[in-house]
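Counting from -3, one number per residue, gives the positions in the sequence shown under my numbering.
Reviewing the structure listed below.
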Amino acid sequence: MEKAMKRDNINVNDRQLPCAKIYSPEGKDYLKGMAAAANYAWVNRSSMTFLCRQLTGQPVLIGGTMGTCSYVLTGTQQGMKETYGTTCHGAGRALSRAKSRRNLDYTEVLSALEEKGISIIVASPKLVMEEV
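Have a look at this one:
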């Protein structure tokens, strides 16, 4: 991408955000790579869901955050009776993105993640706060 940026006279504020014109060879290659990654993710999720259904029944997927686990659960007959088959809804945020940026210190968030063995590299501290 850096060669394409130089060739096409593209300047960005952050080297971690390389880009290319979409119809350039690099742009086309990037789009092909993204399509392959999306296909892989879809097949992976579809396969896990299919296998889970075969083994146990209807799966419930609960996504985690940077610092918490994700879960694959299955419902029970008792759960169906008590909840009509509903599951968690929404993002499950403790704070809105704006409130987390105002009320939390990004260095504390990074330290808490590091204590769990999670390290991240971000262009801006604001991006850390958006994932809390």
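Ideal Cβ positions, reconstructed from N, Cα and C, are used throughout, including at glycine.
Just so you know, these numbers come straight off a predicted model, no measurement behind them.
Excluding the 5 residues preceding and the 5 following residue i in the sequence, name in chain order all residues of the same chain whose CB lies nearer than 8 angstroms to its CB.
i     : result
Asp10 : Ala119
Quick one: is residue i buried, meaning 16 or more other Cβ sit within 10 Å of its Cβ, or exposed?
i      : result
Ala31  : exposed
Met125 : buried
Pro16  : In the sequence as displayed, the identity of residue 16 is Ala instead of Pro. Buried, since its Cβ has 16 or more Cβ neighbours within 10 Å.
Ser43  : exposed
Val39  : exposed
Val105 : buried
Glu22  : buried
Ser96  : buried
Near residue i, what residues of its chain come up, given a Cβ to Cβ distance below 7 angstroms and the 5 sequence neighbours on each side ignored?
i       : result
Thr45   : Pro55
Glu(-2) : Pro14
Tyr129  : Any question about residue 129 goes unanswered here, given that the chain covers just -3 to 128.
Tyr80   : none
Ala0    : Ala16, Ser20 and Glu22
Could you spell out the range, first to last residue, of the beta strand (DSSP E) harbouring residue i?
i     : result
Thr70 : Tyr67 to Thr70
How far does the alpha helix (DSSP H) with residue i in it extend, from its first residue to its last?
i       : result
Arg11   : Where Arg11 is concerned, there is no enclosing alpha helix (DSSP H), given that its DSSP letter is neither H nor E.
Asn99   : Arg93 to Asn99
Ser107  : Tyr102 to Glu111
Lys(-1) : Glu(-2) to Arg3
Please work out which residues of its chain come closer than 6 angstroms, Cβ to Cβ, to residue i, disregarding the five sequence neighbours upstream and downstream, and give them in chain order.
i     : result
Gly69 : Going by the sequence as given, residue 69 is Leu instead of Gly. Only Val56 meet the Cβ criterion.
Lys3  : In the sequence as presented, Lys is not what sits at residue 3; that position holds Arg. Hits under 6 angstroms: none found.
Exercise. Would the segment 9 to 29 and the segment 40 to 53 be scored as touching if the rule is three or more Cβ pairs under 8 angstroms?
Worked result: No: the two stretches stay apart, fewer than three of their Cβ pairs being nearer than 8 angstroms.
Problem set entry | Residue ranges of each beta strand (DSSP E) within the segment 19 to 88, 3 or longer | Within the segment 19 to 88, the complete beta strand (DSSP E) runs of at least 3 residues fall at 55 to 58 and 67 to 70.
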